[in-house]
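Accompanying notes for the structure given below.
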Amino acid sequence: MKKLLCILMVFCVLCGCSSSQKETINYTYDIVAKKVDMSVYKGVNSTDNCFMEVGVSQLFNVIDNESSGLFLLGRSNCNCCQRVTRYINEVGMNLGVTIYYIDANSEEENLVDNKELQDKLQEYMYDILGTDENGEKVLLTPHLFQVINGKLGDNHICFDGLELDVSPTLDQISKLESVYERIIKPFSTINQD
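Be aware that the sequence shown starts at 268, since it is given in our numbering, and climbs by one per residue.
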């Protein structure tokens with residue numbers, strides 16, 4: 268009987284510590300952000316959107332403080348950004364989530380012209396960077412990514428293997444939105460399972 272009781276106790280402890288439990292998302296760092304006019308992106312309203320603009324330094328602070336946030340690295344002159352930002356916004360709005368937008372072309376922290384800032388960001392994001400035609404790790408846009416408790420999490424770059432027509436079909440849009448929902452949903456207080 269004692270053996271059976273010991274086995275049950277061990278089983279309960281192991282089941283209670285299983286990896287199926289969700290990690291608590293820490294929001295201890297107060298991200299300094301401002302409302303951003305996203306009307307430069309097709310299909311996104313200027314003020315009624317889920318985006319708040321931050322500089323790269325805020326991303327570094329979130330990581331350094333082991334805090335959390337959902338980030339989009341984008342550029343208004345990027346064709347892929349123009350085609351998919353509306354779908355990221357739709358999913359973010361439906362789930363009631365703030366997405367911190369980092370403008371790669373921002374005059375304040377211009378990643379295109381600032382090699383030192385580019386290198387630092389590439390170092391932080393190395394594990395989730397895309398690759399160019401030569402197989403080199405590079406910053407690509409649009410890049411939607413999670414930071415959970417200071418660690419980079421799930422992410423998606425541009426279409427990333429999903430084919431998208433110039434005028435995407437409903438099926439193509441649905442597949443893209445399901446990828447965005449997977450990334451965005453852990454930050455939502457709405458529709459939690």
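Even for Gly, the Cβ is constructed at its ideal location relative to N, Cα and C. From a predicted model like this one, the values you see are computed outputs, not experimental measurements.
Here P435 has R350, L443 as same chain residues with Cβ atoms under 8 Å from its own Cβ, once five neighbours each way along the sequence are excluded. As DSSP reads the structure, Q389 sits in no beta bridge.
Between C345 and T408, the CB-CB gap stays under 8 Å.
For F327, there is no enclosing beta strand (DSSP E); the enclosing alpha helix (DSSP H) has its first and last residue at 323-331. When the five nearest sequence neighbours on each side are left out, the beta carbons in the same chain lying within less than 7 Å of the beta carbon of L388 are those of V323, L378, L406, in order along the chain. The shortest C-alpha to C-alpha distance from F327 to any of D438, K418, S455 is the one to K418. Boundaries of the alpha helix (DSSP H) around V358: 346-362. Boundaries of the alpha helix (DSSP H) harbouring E444: 437-451, taken from the DSSP string. Nearest in C-alpha terms to S373, of all of G363, L384, V364, is L384. By the Cβ neighbour-count rule, D304 is exposed, with fewer than 16 other Cβ atoms within 10 Å of its own.
For the pair L411 and L339, the CB atoms are nearer than the 8 Å cut-off. Beta-bridge analysis with DSSP links V414 to G336, L419.
Straight-line spacing of the CA atoms in V321 and Y354 works out to 20 Å.
Here the alpha carbons of L337 and H423 stand approximately 12 Å from one another. Counting along the chain, the unbroken beta strand (DSSP E) around Y367 starts and ends at 366-370.
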